[in-house]
Amino acid sequence: MNTLHHAKKTTRTAAILLAALTAAAGLTPLTAQTPAEANETAALREQIRQLDQKIRVIERNRELEEEKAAATKLPAVSIDGNGFSISSPNKAFTLKAGLLLQVDARFYIDGDAGASDDGFILRRIRTPFSGTVFKTFNFNITPEFAQADNSTSTTNDKNTQLFDAWFDTRLTPAFNLKAGKFRTPVALEGPDPRHFIEAGYPNQLATNRDIGIEAFGSFAGGIIDYRAGFFNGAPNNDWSNTRNGNAGSFTFAGRLTATPFKKSANTALSSLSISLGGAFGSQQAANRIRSNGQQDIVTGIATSGDHATLAPAIEFYTGPFGAQAEFTWDRHERAGSLSTVANAGWRVNAGYVLTGEKATARGVTPQSPFSLENGTWGAFELVARVSGLDVDRDLASLNATNVEKAFSYGVGLNWYLNNNILVRFTAEKSEFTGTTLENEIYFFSRLQLKF
Amino acid sequence: MKTIALISASLALAVAAQAKDVELLNVSYDPTREFYVDYNAAFAKYWKAKTGDDVRVKQSHGGSGKQGRAVVDGLQADVVTLALANDVNALYRNGKLVPEDWQKRLPGNSAPYTSTIVFLVRGGNPLKIKDWDDLVKPGVSVITPNPKTSGGAQWNYLAAWEFARRKYGSEEAAKDFVAKLYKNVPVLDSGARGSTTTFVQRGVGDVFLSWENEAFLALKEFGRDKFDIIVPSVSILAEPTVAVVDKVVDKKGTRKVATAYLEYLYSDEGQDLAGKHFYRPSNPKFAAKYASQFVQVELFTIDEKFGGWINAHKIHFADGGTFDQIYLKK
Chain A
0 MNTLHHAKKT
10 TRTAAILLAA
20 LTAAAGLTPL
30 TAQTPAEANE
40 TAALREQIRQ
50 LDQKIRVIER
60 NRELEEEKAA
70 ATKLPAVSID
80 GNGFSISSPN
90 KAFTLKAGLL
100 LQVDARFYID
110 GDAGASDDGF
120 ILRRIRTPFS
130 GTVFKTFNFN
140 ITPEFAQADN
150 STSTTNDKNT
160 QLFDAWFDTR
170 LTPAFNLKAG
180 KFRTPVALEG
190 PDPRHFIEAG
200 YPNQLATNRD
210 IGIEAFGSFA
220 GGIIDYRAGF
230 FNGAPNNDWS
240 NTRNGNAGSF
250 TFAGRLTATP
260 FKKSANTALS
270 SLSISLGGAF
280 GSQQAANRIR
290 SNGQQDIVTG
300 IATSGDHATL
310 APAIEFYTGP
320 FGAQAEFTWD
330 RHERAGSLST
340 VANAGWRVNA
350 GYVLTGEKAT
360 ARGVTPQSPF
370 SLENGTWGAF
380 ELVARVSGLD
390 VDRDLASLNA
400 TNVEKAFSYG
410 VGLNWYLNNN
420 ILVRFTAEKS
430 EFTGTTLENE
440 IYFFSRLQLK
450 F
Chain P
0 MKTIALISAS
10 LALAVAAQAK
20 DVELLNVSYD
30 PTREFYVDYN
40 AAFAKYWKAK
50 TGDDVRVKQS
60 HGGSGKQGRA
70 VVDGLQADVV
80 TLALANDVNA
90 LYRNGKLVPE
100 DWQKRLPGNS
110 APYTSTIVFL
120 VRGGNPLKIK
130 DWDDLVKPGV
140 SVITPNPKTS
150 GGAQWNYLAA
160 WEFARRKYGS
170 EEAAKDFVAK
180 LYKNVPVLDS
190 GARGSTTTFV
200 QRGVGDVFLS
210 WENEAFLALK
220 EFGRDKFDII
230 VPSVSILAEP
240 TVAVVDKVVD
250 KKGTRKVATA
260 YLEYLYSDEG
270 QDLAGKHFYR
280 PSNPKFAAKY
290 ASQFVQVELF
300 TIDEKFGGWI
310 NAHKIHFADG
320 GTFDQIYLKK
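Listed in order, the protein sequences are those of chains A and P. First residue of the first sequence: 0, per numbering that gives the first Met the number 0; consecutive thereafter. First residue of the second sequence: 0, per numbering that gives the first Met the number 0; consecutive thereafter.
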């Protein structure tokens, strides 16, 4: 600013001087000039030229400084595979809009329970809106427009609702805080599985989204990660927005993850992670357990009061291969004098990228994205899963259709057209015992657009 | 049957998700704006006729070095058409966005057209500027952009250096000469187009070290009575180079059209347009067609006199190089 002020002042002074000199030069009658006077006039003219140049140089340099200052004030606008974003020049403030669109085609070859019919469904339609303020604070608001669930057994999934709404503050690598409604830390897989279209049994026995506050961070250069917080105690595999639990009671949930070879030169093991998730406290009423094909196989659970969940898991990626294994044990009280029940679920799933790209926890980035004009097809990943469910006898005996045990095995193909478009095909069979339900065989496909 | 129908439906949806319209981003240097406006229209017509697809090419212009850094920093350029090979080399050095041998992929070391550096002076050449020597005289104000951000400025710098080395016989003398020249530079724009504005529109300076095509453009736009082009005794063969940015086109799936876009620069239409915009076509047929508009001048190349761009950059324009030594001292 001082430079600019000085420049303006100098320009004004020079302009006045220039005007005076111009006037002086103009007053001299050229026709009557002696050689000395002519020399003097020429000198004055040269002086004027030089002063004129000095003024122009000052003005141009000032203009460049102003252009530079203006450029640093303009926000950066970006639209690409990561969505639409605007950020302030110093990146302290950002706003970003994204999209998750999943269109599924479902076909039950066997075991149709009636509620889950064949057909197309809009599984997820989300428009996440996120951002950063003052570099340190981040937020995310994600509405869910899809009325994807074709079951009539709950109310939560029939209306457009707020799926995520949280903000966090990044204080230090070891300690940060997050508050609002977001994915709880108990299960590894969550509702958006890495290999298959729908999540396996362990996810049915843990909370999905809940409202609360958690601390998170990492130690030892990222080798140890933790998440730990207090939540309302939403039902398992649900995303309630309201506080329905017992007054004054909460649930504590957390997850500790170790990636022991993260810094090791042995790249084959560097992504190996071992984790333990868990929760205890008071939980709201859970409604049901669903098969991998999204049919209700246990209903009438009616939990109320204390519960405890343990969920160890292991995850591993090397080259084109990736695998996950997870076990969840969940015990909870039931209303009235009903007995406490415990259920367990497990899964092992793996994938191999046929086109050779690197498999990661986030998916696969194709080396040659799909393009008809270039004759390239993207990346293909073959996946497989075995999983099981063990339901407490007291729960299984509640209804004739409740299963006591389930064992499922299936294969699938994931086609990554590019970083934004994914097509999935899954076929899986589930064998049920202790129920009147038929075994389930389904074929699902999904078109997903995400950015 | 149902399974086949579902798979077909999924495939159909997936294929439908691919747009027929193609968009490319050409990240270029300052003085190519007008040329690529015409060239993009010609290529779009050609591509539509050949494939039926619509292609829209977005342009980004600025100082060549600055533009190269923007691509390294994430600007999603399908192709770069920069002022000098070293700015494309930076895409290999920083992130392997192009392969090391990118320059071998297209004819003429990936330089579809060439140019040189001339002097643009005020109409009537009041200071009687004739050669590089005149630029270091006291009171002569010289306009040239910043070699740290502008490719054109690097060509200017090296042309002056080689002139002085020949005339005064040593590297030290050349350095003193260039130092004197930069003492006469009152404004250092970040790119050639900025310097054109400084000289032509703001009226600053007596001599503008200009790309040849930029100098002709100034005459065309502002009138031949306003400026004169002075061709020095020796100048440099400027070889702007072009390259497909592999990492970007593979990610976007635009390799085929991006490659065709650059190859078309060598076609008759591409070469003719280059000549019309005062670039020197590499195709002898079009070089002959437009020869009369260019003054003959002895031109040397970077490879001959400076051992290639990597060497020249290291000695002169890298941090602590001769330009820093000269300019920081100033």
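Here a beta-carbon is modelled for each residue, glycine too, at the ideal position from N, C-alpha and C.
Going by C-alpha to C-alpha distance, which of the options sits closest to residue i?
i: A/His194; options: A/Thr425, A/Glu430 and A/Thr434; result: A/Thr425
i: A/Tyr107; options: A/Ser386, A/Trp376, A/Asp117 and A/Gln101; result: A/Asp117
i: A/Trp414; options: A/Ile223, A/Pro368 and A/Thr400; result: A/Pro368
i: P/Glu303; options: P/Ser234, P/Ala48, P/Tyr91 and P/Asp175; result: P/Ser234
i: P/Val203; options: P/Asp188, P/Arg68, P/Asn310 and P/Lys49; result: P/Asp188
i: A/Ser370; options: A/Leu337, A/Leu416, A/Ile222 and A/Leu353; result: A/Leu416
i: A/Ser248; options: A/Asp237, A/Ala233 and A/Ala257; result: A/Ala233
i: A/Thr171; options: A/Lys134, A/Ile196 and A/Lys180; result: A/Lys134
i: P/Ser149; options: P/Lys219, P/Trp210, P/Gly107 and P/Arg279; result: P/Trp210
i: A/Asn438; options: A/Gly350, A/Ser396, A/Gly292 and A/Glu332; result: A/Gly292
i: A/Ser290; options: A/Lys90, A/Ala198 and A/Arg445; result: A/Ala198
Going by DSSP in three states, residue i sits in which element: helix, strand or coil?
i: A/Glu439; result: strand
i: P/Asp318; result: coil
i: A/Pro34; result: helix
i: P/Phe221; result: helix
i: P/Asp302; result: helix
i: A/Tyr225; result: strand
i: P/Pro137; result: coil
i: A/Arg169; result: strand
Could you tell me the distance, in whole angstroms, from the CA atom of residue i to the CA atom of residue j?
i: A/Phe260; j: A/Ser269; result: 5 Å
i: P/Tyr181; j: P/Val141; result: 8 Å
i: A/Ala459; j: A/Phe138; result: Residue 459 of chain A lies beyond the stretch modelled for chain A, which goes from 0 to 450, so this question has no answer here.
i: A/Leu121; j: A/Gly374; result: 30 Å
i: A/Leu98; j: A/Glu58; result: 48 Å
i: A/Trp345; j: A/Gly377; result: 32 Å
i: A/Glu427; j: A/Ile140; result: 34 Å
i: A/Leu421; j: A/Asp103; result: 12 Å
i: P/Val248; j: P/Ala257; result: 7 Å
i: A/Ser84; j: A/Pro74; result: 10 Å
i: P/Asp52; j: P/Tyr45; result: 10 Å
i: P/Glu213; j: P/Pro30; result: 6 Å
i: A/Pro184; j: P/Ala41; result: 56 Å
i: A/Val76; j: A/Ser86; result: 7 Å
i: P/Arg206; j: P/Val120; result: Per the sequence shown, the amino acid found at residue 206 of chain P is Val instead of Arg. Computed Cα separation, rounded: 5 Å.
i: P/Gly61; j: P/Lys225; result: 26 Å
i: A/Ile47; j: P/Ala173; result: 33 Å
i: A/Ile313; j: A/Glu325; result: 7 Å
i: A/Gln203; j: P/Lys65; result: 53 Å
i: A/Asn348; j: A/Pro88; result: 44 Å
i: A/Gly277; j: A/Pro319; result: 30 Å
i: A/Glu64; j: P/Pro146; result: 18 Å
So, at 7 Å on beta carbons, what are the nonlocal neighbours of residue i in its own chain, with the 5 sequence-adjacent residues on each side left out?
i: A/Asn418; result: Gly80 and Thr364
i: A/Thr154; result: Residue confidence is low: A/Thr154 scores 45 on pLDDT, short of 50, so the model does not pin down where it sits. Its coordinate-derived value is still stated next. So no residue of the chain qualifies.
i: P/Thr143; result: Ala152, Asn155, Val184, Ser194 and Leu208
i: P/Lys47; result: Asp53
i: P/Thr321; result: Lys174, Ile314 and His315
i: P/Leu236; result: Thr113, Thr115, Leu298, Phe299 and Thr300
Can you round the beta-carbon distance between residue i and residue j to whole angstroms, since I take them to be within the 8 Å contact cut?
i: A/Leu275; j: A/Pro311; result: 5 Å
i: P/Pro231; j: P/Thr80; result: Their Cβ separation, rounded to whole angstroms, is 26 Å, which puts P/Pro231 and P/Thr80 out of contact at 8 Å.
i: A/Leu187; j: A/Gln323; result: 7 Å
i: A/Thr93; j: A/Thr131; result: 5 Å
i: P/Ser330; j: P/Ala82; result: Within the shown structure, residues of chain P are numbered from 0 to 329, placing residue 330 of chain P beyond reach of any answer.
i: P/Val78; j: P/Val244; result: 6 Å
i: A/Leu161; j: A/Pro142; result: 6 Å
With a CB to CB cut of under 6 Å and the five nearest residues on each side skipped, what residues in its chain are close to residue i?
i: P/Lys246; result: Leu96
i: A/Leu100; result: Ile124 and Leu448
i: A/Phe406; result: Gly387 and Glu430
Spatial neighbours of residue i within its chain, please: C-beta separation below 8 Å, excluding the five flanking residues on both sides.
i: A/Phe279; result: Thr250, Phe251, Asp305, His306, Ala307 and Thr308
i: A/Leu26; result: Caution is warranted here: a pLDDT of 49 is assigned to A/Leu26, below 50, making its placement in the model unreliable, and no coordinate value can be reported.
i: P/Asn282; result: Tyr265, Asp267 and Gln270
i: A/Thr359; result: Ser270, Tyr316 and Gly321
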